[in-house]
Amino acid sequence: MTWRYILKQLAFPPSCFLLLLILSLLIRKRWPKLAITSCLMSIIGLYIMSLPITVEYAARVLETETALDPVHWPSLSQHADAIVVLGGGRETNDPAWQNDQPSLMAMQRIRYAARIAKASQLPLLTSGGLHYGQPPSEAQIMADIFTQDFALTTRWLEGESRTTWENARFSAAMLQAEGVHRIVLVTQAWHMPRSRWSYEQFGFEVISAPVGFLSGPNRRPLNGWIPESKALWHNTALLNEAIGALLYRLHYSPLL
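Be aware that the sequence shown starts at 26, since it is given in our numbering, and climbs by one per residue.
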């Protein structure tokens with residue numbers, strides 16, 4: 026998986042723009058016009074990807090699932106059999122906790138799923154594999170947080186998946202063996218369409234419970250036209266999701 030990680034990081038911002046700048050320096054004498062074009066592309070691309078306004082409008086394209094109204098949380102047990110929470114990354118060996126912790130994005134999912142679980146009394150499944158092959162799995166880390174911070178027990182731990190497709194595939198093997206075919210799915214709003222599609226391919230009826238919306242008004246000075254580092258991270262995640270959503274439909278044939 027190391028080579029895959031390296032290639033992906035080189036292909037996505039900011040590495041791709043840095044490579045363009047290096048290229049422009051290397052060819053500036055032999056192909057000056059091409060060097061100028063390469064330099065301008067890197068600067069413009071980095072600027073666009075660093076804008077909060079770009080995050081806002083890009084997220085509007087991806088975030089097609091509406092938020093789940095809290096009024097309906099208590100009645101979810103009538104329409105679903107379990108809550109599935111997808112892993113969202115981890116921070117390794119945090120000195121404050123002296124162990125691995127969920128990323129901030131994963132904590133958004135955990136906190137939201139905990140609220141829904143307490144209101145609906147539905148059982149929990151956490152899904153997420155190992156970090157570069159090193160235990161514990163994201164599923165285990167999330168389950169520990171549910172227990173320690175929210176007094177909730179996780180009934181199923183799916184700790185082998187490395188992709189969203191594998192989240193669905195391995196979750197199906199566990200849940201459907203116990204007759205669970207209707208789920209409340211918790212993940213980021215921009216990740217929900219691909220996640221829902223993946224779970225539906227394995228025969229699940231899915232109630233979307235998206236969290237962490239990025240498509241609202243950015244409320245930044247000058248309406249978000251000033252670059253910021255956080256926007257670069259968000260835009261890169263949205264770009265990755267857009268490409269992933271397209272490739273999933275091309276690569277994975279419907280199973281049903």
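A virtual CB, placed ideally from N, CA and C, is assigned to each residue, including glycine.
Note that the structure is a prediction, hence the values are computed from the model and not measured.
Next on the checklist: Nearest by alpha-carbon distance to H156: which of T172, T62, G112, L182 is it?
Outcome noted: Looking at the Cα atoms, G112 is the closest of the given residues.
Go to V86, then tell me how far its alpha helix (DSSP H) extends in each direction, as first and last residue.
-> Where V86 is concerned, the enclosing alpha helix (DSSP H) stretches over 77-87.
**Q.** Contacting residues, own chain, Cβ-Cβ under 8 Å from L263 (five flanking each side not counted)
**A.** Result list for L263: V80, A83, A84, L87, W215, L239, in chain order.
- Go ahead and pull the three-state DSSP assignment for E183. E183 falls in the strand class under three-state DSSP.
Notebook entry, point to check: Among residues of its own chain, excluding the 5 on either side of F227, which ones have a beta-carbon nearer than 7 Å to its beta-carbon?
Noted result: Short of 7 Å from the beta carbon of F227, and not among the five residues preceding or following it, lie these beta carbons of its own chain, in chain order: A193, R194, A197, L280.
**Asked** Apart from the five residues on each side of it in sequence, which residues of its chain come closer than 7 Å, Cβ to Cβ, to L182?
**Response** The answer, listed in chain order, is T151, A164, Q165, A168.
| Going by the beta-carbon positions, is the gap between V109 and I208 smaller than 8 Å? | Yes. Within cutoff.
DSSP bridge partner residues for S152 (one or two, in chain order): L111, E183, per the DSSP bridge assignment.
| task | Along the beta strand (DSSP E) that carries A234, what are the first and last residues, could you check? | result | Counting along the chain, A234 sits inside the beta strand (DSSP E) bounded by residues 230-236.
Taking the beta strand (DSSP E) that L210 falls in, what are its first and last residues? For L210, the uninterrupted beta strand (DSSP E) segment begins and ends at 207-213.
- Message: When you compare the CB positions of S220 and T189, do they come within less than 8 Å of one another, or not?
- Response: Closer than 8 Å, so yes.
task = Evaluate the contact criterion for the stretch 94-101 versus the stretch 137-147: three or more CB pairs, one atom per stretch, below 8 Å.
result = Enough Cβ pairs lie closer than 8 Å, so yes.
Same chain, Cβ closer than 6 Å to Q213, neighbours up to 5 away in sequence not counted = Excluding sequence neighbours, Q213 sits near G237.
*asked:* Assuming contact is defined by CB atoms lying nearer than 8 Å, are I135 and N243 in contact in what I supplied?
replied: Taking 8 Å as the Cβ cut-off, I135 and N243 do not qualify as a contacting pair.
**Q.** Own chain, CB closer than 7 Å to R187, minus 5 neighbours either side, in chain order
**A.** Apart from the 5 residues on each side of it in sequence, R187 sits with its Cβ closer than 7 Å to the Cβ of G154 in its chain, given in chain order.
inquiry  = In this structure, how does DSSP classify D119 when only helix, strand and coil are distinguished?
reply    = If DSSP states are grouped into helix, strand and coil, D119 belongs with the strands.
Can we say the stretch 31-39 touches the stretch 63-77, given the rule of at least three CB pairs closer than 8 Å?
Yes: at least three Cβ pairs fall under 8 Å.
Q) So the alpha helix (DSSP H) P218 belongs to, where does it begin and stop? A) Where P218 is concerned, the enclosing alpha helix (DSSP H) starts and stops at 217-226.
Under the DSSP definition of a beta bridge, which residues are partnered with N243?
-> Paired residues: none, contrary to the question.
Nearest to P252 by CA position, among I69, L50, K33, G269, is which residue?
Out of I69, L50, K33, G269, I69 has the C-alpha closest to the C-alpha of P252.
Distance between V211 and A138 (C-alpha atoms, nearest Å):
Annotation: A138 to V211 spans about 7 Å, alpha carbon to alpha carbon.
State the Cα-Cα distance for the pair S162 and T117, rounded to the nearest angstrom. Near 11 Å, if we compare the C-alpha coordinates of T117 and S162.
Counting along the chain, where does the alpha helix (DSSP H) carrying Q34 start and finish?
First-last of the alpha helix (DSSP H) with Q34: 27-36.
Practice item. Quick one: measure Cβ to Cβ for R180 and P148, integer angstroms, because I've assumed they're closer than 8 Å. Key: Contact between R180 and P148 holds, with the beta-carbon distance rounding to 4 Å and staying under 8 Å.
| said: For P160 and N248, what's the separation of their Cα atoms in angstroms? | reply: Taking the straight line joining both Cα atoms gives about 43 Å.
Review point. Alpha carbon to alpha carbon, what distance is there between Y277 and S100?
Key: Between the C-alpha atoms of S100 and Y277 there is a straight-line separation of about 34 Å.
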